[in-house]
Ligand SMILES: [Zn+2]
Ligand SMILES: [Zn+2]
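Numbering (UniProt numbering), first residue to last: 1 to 351.
Next comes the structure, spelled out in structure tokens:
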């Protein structure tokens, strides 16, 4: 049997970099992909600490943000061949069930986030090789002119940011507040602009991250609640109304409550944060404000569009990459990313 290195979840607070058997094609719709570039996500850190409560089985490989080269395809995969460079959605789905037919791929009974389903035959991508189920629809060819890094974020955080903006129903001219200027928040800002947002306001406690959002031109105004009262600034910028759309990209009680303070009556709150605890919702204060609230796992349905926009130069997410390490140093990468060492934003693993 062939072996490979991978990041294996052994229980809460117990991730190990170790040798495991190389995955193989199981179903005719599968592809085997050699991971050439991957990155660590905030949800990997959630799994690291709370994987058991999230349903991740001890023994599973985690990681779901990656691109690679097709090593082998199953008999039903006709649109890809060995050697193709592919960007892969972080969530796979069958494409045929009740939910997939309705476009709610995230709820496909046969689907999952890579490495996150609680089934040991669904293994993640912090590994040298990964089995990609339903490969014809989950993989997307990388144009020759683009590098791995150019499209690395399309399969998860850029799709997530886009999903948050899309679900926020942003209209041309809107003021959009994005709570959280981390990688997902910044992808939401990039996407909000695509939907025509006129004024994008970033809120975060980290001045370095706010500075990046301003320097990249993806936010027009940055607010650190430690030095300014966000609600006052937002009201000053919106004729005292509040934001048309709030995209929440943190996943905490504070950010949840802030989202409902910053939104104007009739506006839309789009929640992208990963919540690991419940939050009380004061419905008595909010029911008469005619708000729309959207939440949920990303539907990764616009990868081809996003890859085209990157190819055309309309989107560039390379500035999110703060650190690049060889894959063999991935555990150091987890430390850098989690503790924001040297202002780590996205830590990329090669090979
Ligand atoms: Zn992710
Ligand atoms: Zn399905």
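Each residue gets a CB set at the ideal place from its N, CA and C atoms; glycine is no exception.
Check your understanding: The alpha helix (DSSP H) spanning residue 379 covers which residue range?
Key -> In the structure as shown, the chain begins at 1 and stops at 351. Residue 379 is therefore absent and cannot be evaluated.
Point to revise | At least three beta-carbon pairs within less than 8 Å, the segment 80-91 to the segment 132-140 | key: yes
Review point. Does residue 17 get closer than 8 Å to chain C when you measure Cβ to Cβ?
Key: Among the chains of the structure shown, chain C does not appear; only one protein chain is present.
**Study point:** For review: beta carbons within less than 5 Å of any heavy atom in ligand 2
**Key:** 93, 94, 97, 100 and 108
**Study point:** For residue 42, the first and last residue of its enclosing alpha helix (DSSP H)
**Key:** In the chain shown, residue 42 corresponds to position 42, counting from 1. That run of the alpha helix (DSSP H) goes 42-50.
Point to revise | Same chain only: Cβ atoms within 7 Å of residue 188, ignoring 5 sequence neighbours per side | key: Within the chain shown, numbered from 1, the residue matching residue 188 stands at position 188. Closer than 7 Å at Cβ, skipping near neighbours: 161, 164, 165, 178, 247, 249 and 272.
Exercise for review: Flag residue 41 as yes when its Cβ comes closer than 7 Å to any non-hydrogen atom of ligand 4, and as no otherwise.
Suggested key: Ligands displayed in this structure: ligand 1 and ligand 2; ligand 4 is not among them.
Point to revise | residue 434 burial status per 10 Å Cβ neighbour count (16 or more: buried) | key: Residue 434 lies beyond the residue range present for the chain, which begins at 1 and ends at 351; the question has no answer from this structure.
**Study point:** Coarse secondary structure for residue 350, derived from DSSP in three states
**Key:** If you number the chain shown from 1, residue 350 lands on position 350. Of the three classes helix, strand and coil, the one that applies to residue 350 here is strand, per DSSP.
**Study point:** Cβ separation of residue 317 and residue 238, assumed to be a contact under 8 Å, to the nearest whole Å
**Key:** For this step, residue 317 is matched to residue 317 along the chain shown. For this step, residue 238 is matched to residue 238 along the chain shown. Residue 317 to residue 238, Cβ: 28 Å. No contact.
**Study point:** Own chain, CB closer than 8 Å to residue 10, minus 5 neighbours either side, in chain order
**Key:** Along the chain shown, one-based indexing puts residue 10 at 10. Correct list, in chain order: 16, 58 and 59.
Review point. Mind checking whether the beta-carbon of residue 90 lies closer than 7 Å to any heavy atom of ligand 1?
Key: For the purposes of this step, residue 90 is taken as the residue at position 90 of the chain shown. Within the cutoff, so yes.
**Study point:** Alpha-carbon spacing of residue 387 relative to residue 106, whole angstroms
**Key:** Nothing can be reported for residue 387, as the shown portion of the chain is limited to 1 through 351.
**Study point:** Same chain only: Cβ atoms within 6 Å of residue 309, ignoring 5 sequence neighbours per side
**Key:** In the chain shown, residue 309 corresponds to position 309, counting from 1. Excluding sequence neighbours, residue 309 sits near 315.
Practice item. Check whether the Cβ atoms of residue 112 and residue 66 sit closer than 8 Å, and answer yes or no. Key: For the purposes of this step, residue 112 is taken as residue 112 along the chain shown, with counting starting at 1. For the purposes of this step, residue 66 is taken as residue 66 along the chain shown, with counting starting at 1. No. Outside cutoff.
Check your understanding: Among 12, 127 and 79, which one has its Cα closest to the Cα of residue 50?
Key -> To locate residue 50, count along the chain shown from 1; it is residue 50. Minimum Cα distance to residue 50 is reached at 12.
Exercise for review: Note the first and the last residue of the continuous beta strand (DSSP E) segment covering residue 179.
Suggested key: As a working note, residue 179 is residue 179 in the chain shown. Annotation: the continuous beta strand (DSSP E) that includes residue 179 extends over 175-179.
Practice item. Inspect the CB distances between the segment 293-312 and the segment 150-157 and report whether three or more fall short of 8 Å. Key: yes
Practice item. Would you decide whether residue 186 is buried or exposed? Buried here means 16 or more other CB atoms lie within 10 Å of its CB. Key: Taking the chain shown and counting its residues from 1, one reaches residue 186 at position 186. Classification for residue 186: buried.
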